[in-house]
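Below is one structure, written out as structure tokens, with a few remarks after it.
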Amino acid sequence: APIRARGGYGPFFGVIPEFGDTGTPGVRISGVRPGSPAERAGVRAGDVLVRFGGVSVKTLEDF
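Going by the working numbering, the sequence shown opens with residue 33, and the numbers climb by one from there.
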């Protein structure tokens, strides 16, 4: 399913990132919205995204 834009902030994936320095490369996910593309893809709270759409993710700014 395509990822749709929502609220004017770009694509809606449905994750809630953990803000601040996690001490780990990537973006730690603190929550996933029910019914979202992220939930359907199997993303869970506590996961660390290091690649998204084929692009390396090292910080929240990269995401």
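Glycine residues also receive a C-beta, built at the ideal position from the N, C-alpha and C atoms.
Keep in mind it's a predicted model, so treat the numbers as computed, not measured.
query, result
"Pro69 in three-state terms, based on DSSP", "helix"
"Backbone CA spacing between Val89 and Val47 [nearest angstrom]", "14 Å"
"Residue of Gly85, Leu81, Val87 and Glu93 minimising C-alpha distance to Arg61", "The question names Arg, but residue 61 is Ile in the sequence shown. Per the Cα distances, Leu81."
"Rounded straight-line distance, which links the Cα of Ser68 to that of Phe44", "8 Å"
"Spatial distance of Gly86 from Phe95 (CA atoms)", "12 Å"
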